[in-house]
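Student:
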Amino acid sequence: MAEELETVDEDGCLSRSLALCGFGGPSEPHRTVLLQPTEAERNELNFGDNAVYTYKYNIVTYVPRSLFEQFRRLANVYFLVISVLMVLGTYTTLFDSPLTPFSTVIPLIFVLLVTMVKEGIEDIGRHRADHEVNNREVQILTDGGSGSTTTKRWIDVDVGDFLVIHDREEIAADVVILATSDPADVCYVETSNIDGETNLKSRKCAPTGDNGVGSRFQTLESLANIRGVCECEHPSADIHHFQGNVTLNDRPGDQVSVDAANLMLRGSTMRNTRWACGVVVYTGGETKIVMNSSDPPSKLSKMESITNTMVWIILFAQSVLSAISTVAFVIWQSLFEDDAWYLCESGKDAPLALFVDNCDNASDPHEIGQFFTFIILYNNFIPISLYVTIELVLATQALFLDWDLDMYHEETDTPALCRNSAACADLGMIEYIFSDKTGTLTRNVMEFRRCSVASRLYGAPPENEEAADLPEDIAAAKPTAPWVETDEMVTAARSDDRSAEYE
Numbered sequence: 000m001a002e003e004l005e006t007v008d009e010d011g012c013l014s015r016s017l018a019l020c021g022f023g024g025p026s027e028p029h030r031t032v033l034l035q036p037t038e039a040e041r042n043e044l045n046f047g048d049n050a051v052y053t054y055k056y057n058i059v060t061y062v063p064r065s066l067f068e069q070f071r072r073l074a075n076v077y078f079l080v081i082s083v084l085m086v087l088g089t090y091t092t093l094f095d096s097p098l099t100p101f102s103t104v105i106p107l108i109f110v111l112l113v114t115m116v117k118e119g120i121e122d123i124g125r126h127r128a129d130h131e132v133n134n135r136e137v138q139i140l141t142d143g144g145s146g147s148t149t150t151k152r153w154i155d156v157d158v159g160d161f162l163v164i165h166d167r168e169e170i171a172a173d174v175v176i177l178a179t180s181d182p183a184d185v186c187y188v189e190t191s192n193i194d195g196e197t198n199l200k201s202r203k204c205a206p207t208g209d210n211g212v213g214s215r216f217q218t219l220e221s222l223a224n225i226r227g228v229c230e231c232e233h234p235s236a237d238i239h240h241f242q243g244n245v246t247l248n249d250r251p252g253d254q255v256s257v258d259a260a261n262l263m264l265r266g267s268t269m270r271n272t273r274w275a276c277g278v279v280v281y282t283g284g285e286t287k288i289v290m291n292s293s294d295p296p297s298k299l300s301k302m303e304s305i306t307n308t309m310v311w312i313i314l315f316a317q318s319v320l321s322a323i324s325t326v327a328f329v330i331w332q333s334l335f336e337d338d339a340w341y342l343c344e345s346g347k348d349a350p351l352a353l354f355v356d357n358c359d360n361a362s363d364p365h366e367i368g369q370f371f372t373f374i375i376l377y378n379n380f381i382p383i384s385l386y387v388t389i390e391l392v393l394a395t396q397a398l399f400l401d402w403d404l405d406m407y408h409e410e411t412d413t414p415a416l417c418r419n420s421a422a423c424a425d426l427g428m429i430e431y432i433f434s435d436k437t438g439t440l441t442r443n444v445m446e447f448r449r450c451s452v453a454s455r456l457y458g459a460p461p462e463n464e465e466a467a468d469l470p471e472d473i474a475a476a477k478p479t480a481p482w483v484e485t486d487e488m489v490t491a492a493r494s495d496d497r498s499a500e501y502e
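As structure tokens, then:
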């Protein structure tokens, strides 16, 4: 059991000495986070980095896992079995193979290589996206009392760091808020990356103020020398639940309770707040958004499942036809074997010495072996190019998705990104879209048109086509004051000291 020993030195600051033995590990009833820990404390605690990876393959697992994915497709298994039968029929006397193994093995290898290369290219895109996210920059409050910040990569953010987030910045880790620029000690976050909701949610600072009301930190300078301990629950996937308490060095006897209303989650974006500062409690794979995600699944698309079912049907029909052909061959052989010396059925009775000599080396397979001979003969029932054609079509459709200008977001310079070409097949099978509200489809974007404040009209006057949609009395009414253009209104609002900080 780890112990946290607290002493007050001659400067009145809280000194922390740790008995490190499984400190903060799963055996503890809670996680203990040191606020702005020293480098030695970071190394001892070792909570892990803030890296997140979504790729499917690496150098070691690429070949075996990719091959496993390929042989989940029934056609690939089918042609592998056919190749084995061809080898047995060619190099053994069990049965005869009418085709050489290379006629199927080489195309099968080509099919597997094409699909593996396609999946490798898609996974390289995931690697690049992970690298871009993990190497984004974020501001960390430095330990010095001046309120200055230093730049860190997301991957280097540690538990206990004081993260400084600015307006419209994505949050790099799960953070308990200690201070914001808002006088009401709140900030607003958009969680569309987590739960799909685009409406803003308010988050409050930890109640470190007098009588547990509000935050007593109004600037970054006031937070720079703060030390203390945050005790919270171990990482969990529940994004709506969080419990903990914060003890600061200047008030070692006071514990401040914090909950989900004080927690900003990784992946959310801060909005309508100039800045906020908080202590990192969960990083990387321990953040709630990552714990709610899963490894890239090994699953088949709807079209691949249908294709597998069709292959089963064709394989059944091929087996029935091969069985019928085998029975027919046995019947024919019993009736005409003596006269079929030219087929080496009765080579010793051939009238020509040429046939006698050549038929001496001919194999005489069992009747059951003829079944496999017919299976090999009818193997073209399933075209080996089937999956190559499907993969090329899906890859081309994925490129069209990436190039679609209607899916390009001009404000953030973000094009569509299709990470898995198999998604194209599933998208084509969507018949209905159910939405709980219109905001999901309209992006909750409201454009200002016009308004009237104290008999003064703001915005642009209604145009002819707009006026046609208005009631006659409203469309015919004349403004009691001149129209004020929107740009002029915004300029006036920004110059007014009483105006809100943001539009």
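Under numbering that gives the first Met the number 0, think of the first position of the sequence shown as 0, with each following residue one higher. For glycine and all other residues, C-beta sits at the position ideal for the given N, C-alpha and C.
1) Which runs of the alpha helix (DSSP H) fall wholly inside the region 159-218 and span at least 4 residues, in chain order?
2) How is Met263 classed by DSSP in three states: helix, strand or coil?
3) Taking DSSP as the reference, what is the three-state secondary structure of Gln35?
4) Considering only their Cβ atoms, is the gap separating Ser292 from Thr53 smaller than 9 Å?
5) In whole angstroms, give me the CA-to-CA distance for Ala183 and Asn198.
6) Using DSSP with H/G/I as helix, E/B as strand and the rest coil, what is Cys417?
7) Going by DSSP, what residues sit across from Ile139 in a beta bridge?
8) Could you check how far apart the C-beta atoms of Val278 and Phe161 are, in whole angstroms? I think they sit under 8 Å.
9) In whole angstroms, give me the CA-to-CA distance for Leu34 and Asn307.
10) Going by alpha carbons, who is nearest to Ile81 out of Asn378, Leu398, Ser384?
11) For the beta strand (DSSP E) containing Gly124, list its first residue and its last residue.
12) Compare the C-alpha of Asn210 against each of Phe399, Val255, Ile432, Phe371 and name the closest.
13) Which residue from Tyr187, Gln138, Val188 puts its Cα closest to that of Leu219?
14) What residue from Val158, Asp194, Phe315, Tyr431 has the CA that sits closest to Glu43's CA?
15) How close, in whole Å, do the beta carbons of Thr503 and Glu230 come, if the pair is a contact with beta carbons under 8 Å?
16) Determine which residues share a DSSP beta bridge with Tyr281 and list them.
17) In whole angstroms, what separates the C-alpha of Ser206 from that of Asn192?
18) Have a look at Ser300, Met428, Leu320, Leu262 and flag the residue whose alpha-carbon is nearest the alpha-carbon of Glu68.
19) As a quick exercise: from Leu140, Thr246, Asn419, pick the residue whose alpha carbon is nearest that of Thr395.
20) With C-beta atoms as the reference, is Thr114 less than 9 Å away from Glu390?
Tutor: To lay it out plainly:
1) Considered as a whole, the region 159-218 harbours 191-194 as its complete alpha helix (DSSP H) runs of no fewer than 4 residues, in chain order.
2) Of the three classes helix, strand and coil, the one that applies to Met263 here is strand, per DSSP.
3) Gln35: coil per DSSP, three-state reduction.
4) In this structure, Ser292 lies closer than 9 Å to Thr53 by Cβ.
5) Distance from the CA of Ala183 to the CA of Asn198, rounded to the nearest whole angstrom, comes to 20 Å.
6) If DSSP states are grouped into helix, strand and coil, Cys417 belongs with coil.
7) Under DSSP, Ile139 takes part in a beta bridge, and its partners are Thr149, Leu162.
8) Between Phe161 and Val278 the Cβ distance is about 6 Å, and since that is below 8 Å, they are a contact.
9) Looking at the backbone, the Cα of Leu34 and that of Asn307 are separated by about 56 Å.
10) Closest option to Ile81, Cα to Cα, is Asn378.
11) It is not in any beta strand (DSSP E) - Gly124 instead sits in the alpha helix (DSSP H) that spans 101-133.
12) Considering only alpha carbons, the answer is Val255.
13) Nearest to Leu219 by alpha-carbon distance, out of Tyr187, Gln138, Val188, is Gln138.
14) When the alpha-carbon of Glu43 is set against those of Val158, Asp194, Phe315, Tyr431, the nearest one is in Val158.
15) Residue 503 cannot be examined here, being either before or after the span of the chain that is shown, 0 to 502.
16) Here Tyr281 is bridged, per DSSP, to Asp173.
17) The residue you asked about is not Ser; residue 206 is Pro in the sequence shown. Pro206 and Asn192: Cα-Cα distance of roughly 27 Å.
18) Minimum Cα distance to Glu68 is reached at Ser300.
19) Of the listed residues, the one whose Cα sits closest to Thr395 is Asn419.
20) A distance below 9 Å separates the beta carbons of Thr114 and Glu390.
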